[in-house]
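Visitor:
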C-alpha cells in the first residue's frame, strides 16, 4: 500500500453499519478535531507487510461472502487472502425469531431480545485473534477491517501487536483510546448517516443494532439499498441484500480499548477513506485519522482515498484488491 494519498473512480453515496440514536452518552468531544496529517508525512508500509497474507473482516450485517471478488482479484495478483466471519455474523449469525416467522409481526421486530445480545467486543476480539493465529500459523497477517470490524481489529492489535503486520481500516471505525464507537454517533462529523434512521427497536432493549430485511415496505428497502450499495450494480445489490442478517451485537460498539505506544500504536496502519460514504461519513473517517496521528505522531496513518460508497468490495473489488496488494 502506497503511503501517499490516492484516488480511484467509483460513484454514488452508500452507507455502512453502525450509527444509532440509542441512549449512550457521548464521551467524545463535539469540537472540531485537527486535520489529518498531510499525505507527504505519511509513513510507508514496512516491507514485512507487503507480502503477508490478507485477512479480510466484514462489517455489521454482512458476512465473509462480501469479500469474495476481492479475494479473487488478490489471488490474481499473487497475494493470499482469506475472508472470515465476525462474531454473530455470516455462518455464526443467530437470527431473531421474528425474521422467519409468518405472519410478519412488526411489534416483535422492535421488541424481541436479540440472540446475539450476549456478544461483546471481547468476544469478537477473541474470535478474530484465534482466526489470525490459525490462518497465519504464527506468521503475522495484514488484517483488513471494514466498518464495524474496526474496533475489533483495534482491540486485537493492541493486545497482540505481534500478530498484525499491518492494520487496514476500510471505511471503518477507528476509535481513539478509551472511546467506544457509539460515542461518535453524536458528533458533528457523523451527521448525514443514512443507516441510523433505518434501525429498528431500541438497542438498549434488544441488545442489537437491528435492520428489518424481512419487510415488504418498498420505501424502507430502497433506503437500505441506497445506504449500503449506492454505487453497486442493482442486480448485485439485490443479491447482497438477500444475504444480510438483521441483528448485529451492540456490545461490540459499546466496548472501548486503551491504546498504548507499544501496542496498537506500534502497528503500521492504513486508512482507506470512501469519499461518498453516507453512513460512516467521510468527515468522521478523517477524524479517526486525525485522532490517531495526534496520539501516535511517530507512527502516522497512511491514507488512501477511493471515490466510492460504503461497499467498494462490491462496486470496485479490483481497485480494493489493488490498494491492498500494491507494494510500499
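In the working numbering, the protein residues as written are 3 to 330. Just so you know, even glycine gets a beta-carbon here, dropped at the ideal spot from N, CA and C.
Could you give the residue range of the alpha helix (DSSP H) that holds residue 70?
Guide: 70 to 78
Visitor: Excluding five sequence neighbours on each side, which residues of the same chain lie with their C-beta closer than 8 Å to the C-beta of residue 21?
Guide: The pLDDT assigned to residue 21 is 37, lower than 50, so where the model puts this residue is not dependable; a value taken from the coordinates is nonetheless given after this. Hits under 8 Å: 186, 187, 192, 195, 197, 198, 281 and 282.
Visitor: Nearest-angstrom Cα distance between residue 108 and residue 164?
Guide: 47 Å
Visitor: Which one of 289, 176, 319 and 167 has the shortest CA to CA distance from residue 238?
Guide: 319
Visitor: Assuming residue 248 contacts residue 213 under a Cβ cut-off of 8 Å, what Cβ separation, rounded to an integer in Å, is found between them?
Guide: 6 Å
Visitor: Counting only runs of 4+ residues fully inside the region 231 to 306, write out the alpha helix (DSSP H) ranges in chain order.
Guide: 236 to 243, 253 to 256 and 284 to 297
Visitor: Going by C-alpha to C-alpha distance, which of 141, 90, 273 and 222 sits closest to residue 302?
Guide: 273
Visitor: Would you call the region 110 to 118 and the region 50 to 65 in contact, with 3 or more CB pairs under 8 Å?
Guide: no
Visitor: Closest to residue 176 by C-alpha separation, out of 289, 101, 206 and 190, would be which residue?
Guide: Nearest C-alpha to residue 176 among 289, 101, 206 and 190: 289.
Visitor: For residue 293, count neighbouring C-beta atoms within 10 Å of its own C-beta (all shown protein chains included) and say buried if the count is 16 or more, exposed if not.
Guide: Buried is the call here.
Visitor: Please identify the residue among 182, 168, 252 and 245 whose C-alpha is closest to the C-alpha of residue 201.
Guide: Nearest option by C-alpha distance: 252.
Visitor: Could you check the C-alpha separation between residue 266 and residue 260 for me, to the nearest Å?
Guide: Between the alpha carbons of residue 266 and residue 260 lies a gap of roughly 9 Å.
Visitor: Judging by CA-CA distance, which residue of 232, 149, 269 and 138 is the nearest neighbour of residue 57?
Guide: 138
Visitor: Could you check what DSSP says for residue 106 in three-state terms: helix, strand or coil?
Guide: coil
Visitor: When the Cα of residue 1 is compared with those of 183, 167, 278 and 173, which residue comes out closest?
Guide: Residue numbering for the chain in the displayed model covers 3 to 330; residue 1 lies beyond these limits and cannot be assessed.
Visitor: By the 10 Å Cβ neighbour count, where 16 or more other Cβ atoms means buried, how is residue 263 classified, buried or exposed?
Guide: Counting of Cβ neighbours within 10 angstroms places residue 263 among the exposed residues, the total staying below 16.
Visitor: In whole angstroms, what separates the C-alpha of residue 69 from that of residue 231?
Guide: Cα to Cα, residue 69 sits roughly 14 Å from residue 231.
Visitor: For residue 327, count neighbouring C-beta atoms within 10 Å of its own C-beta (all shown protein chains included) and say buried if the count is 16 or more, exposed if not.
Guide: buried
Visitor: Distance check for residue 54 and residue 133, CA to CA, integer angstroms please.
Guide: 15 Å
Visitor: Exposed or buried, which one is residue 140 when buried takes at least 16 other CB atoms within 10 Å?
Guide: exposed
Visitor: Using the C-alpha atoms, what's the distance from residue 155 back to residue 117?
Guide: 23 Å
Visitor: Looking at residue 144 and residue 167, is the spacing between their C-beta atoms short of 7 Å?
Guide: yes
Visitor: With DSSP collapsed to three states, give me the class of residue 147.
Guide: strand
Visitor: If you count every other CB in all the chains shown that lies within 10 Å of the CB of residue 311, and 16 or more means buried, which is it?
Guide: buried
Visitor: For residue 206, is the classification buried or exposed, using 16 other Cβ atoms within 10 angstroms of its Cβ as the cut-off for buried?
Guide: exposed
Visitor: Please go through the region 110 to 179 and give each complete beta strand (DSSP E) segment of 3 or more residues, from N-terminal end onward.
Guide: 143 to 148 and 166 to 172
Visitor: Out of curiosity, what's the CA-to-CA distance linking residue 47 and residue 291?
Guide: The predicted model places residue 47 with a pLDDT of 41, which falls under 50 and marks its position as unreliable, so this point remains unresolved.
Visitor: Please tell me whether, using a cut-off of 6 Å, the distance from the CB of residue 305 to the nearest non-hydrogen atom of the ligand ZN is below it.
Guide: No copy of the ligand ZN occurs in the structure displayed, which carries no ligand at all.
Visitor: Taking Cβ positions, are residue 151 and residue 276 nearer each other than 7 Å?
Guide: no
Visitor: Around the Cβ of residue 245, are there at least 16 other Cβ atoms within 10 angstroms (buried) or fewer (exposed)?
Guide: exposed
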